Amino acid sequence: MKDVAVLGVGMYRFGMWDVPNAVMAREAGMAALRDANLSFRDVQAAYVGHIFAPVMSAVRVMKEFGLTGLPVQHVENASATGSAAFREACLQVASGEYDVVMVLGFDKMTTMIQQSAQSTSAEYMEDAILPAAFFALWATRRMHERGMKAEHLARIAAKNWNNGALNPMAQRQPRERTTVERVLQSRMVAWPLTTMMCCPMGDGAACAIVGRADLAKKLNPGRPVVKVVASALQTEKYAPGHLFIGPVVGPAQMTIDTSRQVYEEAGLGPEDLDLVQVHDAFAIEELEYYELLGLCRPGEAEKCIEEGDFELGGRVPVSTDGGLIARGHPGGPTGLAQIWETTLQLRGEAGKRQVEGARVGLCHMMGGGSVCVIHILQRD
Amino acid sequence: MSEIRKTRIPVKPGYFTVPEDPNEPPKLLGSRCNRCGEAYFPRRAICARAECLSEDLVDITLGPEGTLYSYTFVHMPLFGSSNLEHMDGYGVGQIDLPEGPRVQLPLAGKREDFFIGQRLLAELDKMREEGNNEVVIVRFRPIEVKG
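Here the protein sequences come in this chain order: A and B.
If you read the first sequence in the working numbering, its first letter stands for residue 64, the second for the next number, and so on.
If you read the second sequence in the working numbering, its first letter stands for residue 7, the second for the next number, and so on.
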């Protein structure tokens with residue numbers, strides 16, 4: 064990725080809100096413009112992601128900022144929607160087509176749930192099974208192959224809940240410290256995953272302004288410049304044992320392949336990362352991604368969890384903002400919340416959850432299990 | 007017995023057989039590539055292997071036996087089902103079929119009944135009634151006990 068920087072970021076806190084998409088999106092977008100020290104007049108194009116809103120919602124929502132005639136493009140890639148929109152915007156800047164592009168994600172997952180609750184029939188066979196089941200199947204297999212215990216998953220979840228407590232934009236901000244015991248005692252969803260090991264339903268919005276790296280210095284003199292040094296998006300490659308039918312499918316190998324691509328593009332390796340955000344919709348995912356992203360060797364995730372490697376203050380903190388489990392996962396904006404967090408961390412503006420001296424951060428998202436998007440951000 | 011047997015119809019056509027004989031296990035509907043031999047579930051028109059991509063595929067049936075690769079038990083009702091058996095939850099497994107494909111489908115039984123490597127047999131499971139029809143989904147039942 065050539066000379067592309069994150070010029071500004073903004074969020075509307077994730078949660079269960081009685082607030083329209085347009086309002087959440089406007090507030091997140093205006094926050095990002097203020098952070099970038101730009102006016103909407105300066106935005107040359109917008110890439111907008113949502114999963115659950117009706118047709119043309121992006122164009123309608125963008126009118127909130129003013130009718131400047133700019134090109135608006137909808138992007139949808141399930142959970143990886145915001146990340147995929149971010150990638151498109153970065154590619155546009157890298158290509159020289161535009162200097163300043165807005166990436167906006169918003170969603171009201173609560174509306175989607177109400178709609179699907181009204182329908183009683185499973186139109187597709189795969190709709191019958193709960194998405195959590197797919198990742199519970201990963202967990203059972205991991206227990207069988209590596210001797211993982213439910214306690215390891217609970218420790219990841221507790222870490223993320225406690226990180227969420229330090230993030231003012233997190234959906235879950237528990238006042239009391241979350242313990243492993245509390246996570247294990249919460250309601251069972253799909254054995255061995257308890258409700259506190261799973262991400263919540265929610266609403267929210269997030270925005271990033273990306274642009275030419277030289278603009279970042281001019282717009283905000285003295286502030287560290289956060290560059291997007293690598294971007295990759297992959298879908299599934301067929302291998303024997305591939306699952307085609309299920310609410311979520313997709314091979315773990317996709318994260319290995321996509322991460323290799325970004326490491327090569329950035330000229331960096333997993334040992335260079337100071338912090339990492341992953342698609343931790345379920346705690347078992349985060350555990351697997353430690354190994355798939357190369358943060359530890361295969362088979363060592365349990366040991367590293369026990370040693371606190373991925374906690375704030377650990378070797379390489381993961382899900383520093385609470386992750387999908389605590390920061391929340393409304394859909395469209397989720398990947399952009401990762402960019403928000405990583406940008407603040409690399410600027411040294413992450414407050415109580417600041418990773419000391421952070422220079423390189425990786426953001427990983429999965430969409431429907433079948434799309435993997437990874438970005439590496441680096442402080443210049 | 008005066009009860010009229012309802013006609014069993016699949017929750018979605020094209021994925022599994024519904025045999026006339028209620029004692030006969032269903033089979034899954036798949037495809038095999040005539041060029042490279044790879045077998046798939048569900049049916050497809052083009053071989054998925056990047057090295058092949060042949061359009062010469064034939065319909066085959068898969069199962070009804072399988073081996074459990076992984077399992078869980080979901081503590082929520084099976085979506086689209088009004089069968090009382092599904093109200094407290096349902097098992098889900100990834101099942102390796104002898105012809106090659108791995109499938110993800112509901113399991114009959116409780117979590118304690120399942121183990122990795124277990125032999126299973128396909129069966130039809132009632133989800134709900136619609137007029138004179140009984141809507142069924144395919145699932146797998148352990149035919150081997152633990153220990």
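Where a beta carbon is used, it is the ideal one built from N, C-alpha and C, also for glycine.
As the structure is a prediction and not an experimental result, all values here were calculated from the model.
Residue j and residue i - do their beta-carbons sit closer together than 9 Å?
i	j	result
Phe120 of chain B	Pro83 of chain B	no
Ala108 of chain A	Tyr161 of chain A	yes
Gly274 of chain A	Ala147 of chain A	no
Thr173 of chain A	Met79 of chain A	yes
Val381 of chain A	Val341 of chain A	yes
Thr397 of chain A	Leu409 of chain A	no
Ile368 of chain A	Pro112 of chain B	no
Pro31 of chain B	Ile143 of chain B	no
Ala268 of chain A	Ala116 of chain A	no
Glu404 of chain A	Ile219 of chain A	no
Gly265 of chain A	Gly391 of chain A	yes
Met259 of chain A	Ala217 of chain A	yes
Gly210 of chain A	Glu365 of chain A	yes
Ile101 of chain B	Leu126 of chain B	yes
What first and last residue would you give for the alpha helix (DSSP H) that runs through residue i?
i	result
Arg245 of chain A	243 to 248
Tyr352 of chain A	346 to 355
Glu214 of chain A	213 to 227
Gln234 of chain A	Counting along the chain, Gln234 of chain A falls outside any alpha helix (DSSP H), and DSSP gives it neither H nor E.
Gly129 of chain A	That residue, Gly129 of chain A, is in no alpha helix (DSSP H); it is neither H nor E in DSSP.
Met206 of chain A	194 to 209
Ile122 of chain B	Segment: none, Ile122 of chain B is in no alpha helix (DSSP H) and carries neither H nor E.
Arg410 of chain A	397 to 410
Arg150 of chain A	144 to 158
Ile52 of chain B	No alpha helix (DSSP H) holds Ile52 of chain B; DSSP gives it neither H nor E.
Glu369 of chain A	364 to 369
Residue i by DSSP, collapsed to three states: which one?
i	result
His438 of chain A	strand
Thr183 of chain A	Here Thr183 of chain A scores only 45 on pLDDT, less than 50, and its place in the model should not be relied on; the value that follows carries that caveat. In this structure, Thr183 of chain A counts as coil in the three-state DSSP scheme.
Pro333 of chain A	helix
Tyr21 of chain B	coil
Met7 of chain B	With a pLDDT of only 46 at Met7 of chain B, under 50, the local geometry of the prediction cannot be trusted, and the value read off the model is given with reservation. Three-state result, Met7 of chain B: coil.
Ser322 of chain A	helix
Cys262 of chain A	coil
Glu135 of chain B	strand
Thr383 of chain A	coil
Gln340 of chain A	strand
Ala68 of chain A	strand
Ser88 of chain B	coil
Gly153 of chain B	coil
Arg14 of chain B	strand
Met125 of chain A	helix
Gly414 of chain A	helix
Ala116 of chain A	coil
Arg97 of chain A	helix
Gly285 of chain A	coil
Met317 of chain A	helix
Leu358 of chain A	coil
Over what stretch of residues does the beta strand (DSSP E) that includes residue i continue unbroken?
i	result
Gln100 of chain B	96 to 102
Met251 of chain A	251 to 253
Asn139 of chain B	139 to 148
His427 of chain A	423 to 430
Ile66 of chain B	63 to 68
Asp266 of chain A	266 to 275
Phe169 of chain A	163 to 171
Cys39 of chain B	34 to 39
Look up residue i in the DSSP assignment and give the residues it is bridged to.
i	result
Asp81 of chain A	Answer is none; Asp81 of chain A lacks a bridge partner.
His137 of chain A	A:Val111
Tyr77 of chain B	B:Gly99
Leu113 of chain B	B:Gly97, B:Phe146
Thr298 of chain A	A:Val434
Lys290 of chain A	A:Ala68, A:Gln441
Gly72 of chain B	B:Leu126
* Would you check if there are 3 or more beta carbon pairs closer than 8 Å linking the stretch 164 to 171 of chain A to the stretch 99 to 119 of chain A? => yes
* At a cut of 8 Å, does the stretch 426 to 435 of chain A reach the stretch 23 to 31 of chain B through at least three beta carbon pairs? -> no
* **Stretch pair the stretch 245 to 256 of chain A + the stretch 68 to 81 of chain B: three plus CB contacts closer than 8 Å** => As far as the Cβ criterion goes, the stretch 245 to 256 of chain A touches the stretch 68 to 81 of chain B, which means the pair count is three or higher.
* To do: Assess, as a yes-or-no matter, whether the stretch 118 to 127 of chain A is touched by the stretch 402 to 415 of chain A under the definition of 3 or more beta carbon pairs within less than 8 Å.
  => no
* For the 8 Å Cβ check, are there 3 or more pairs between the stretch 314 to 331 of chain A and the stretch 276 to 286 of chain A? -> no
* For the 8 Å Cβ check, are there 3 or more pairs between the stretch 131 to 146 of chain A and the stretch 228 to 239 of chain A? -> With a cut-off of 8 Å, the stretch 228 to 239 of chain A and the stretch 131 to 146 of chain A do not count as touching, because too few Cβ pairs lie within range.
* Asked: Should the stretch 135 to 150 of chain B be regarded as contacting the stretch 323 to 337 of chain A, the criterion being three or more beta carbon pairs within less than 8 Å?
  -> no
* Asked: Touching or not, the stretch 48 to 68 of chain B and the stretch 100 to 111 of chain B, by the rule of three or more beta carbon pairs under 8 Å?
  -> Cβ pair count under 8 Å is three or more, so yes.
* To do: Inspect the CB distances between the stretch 321 to 329 of chain A and the stretch 286 to 305 of chain A and report whether three or more fall short of 8 Å.
  => yes
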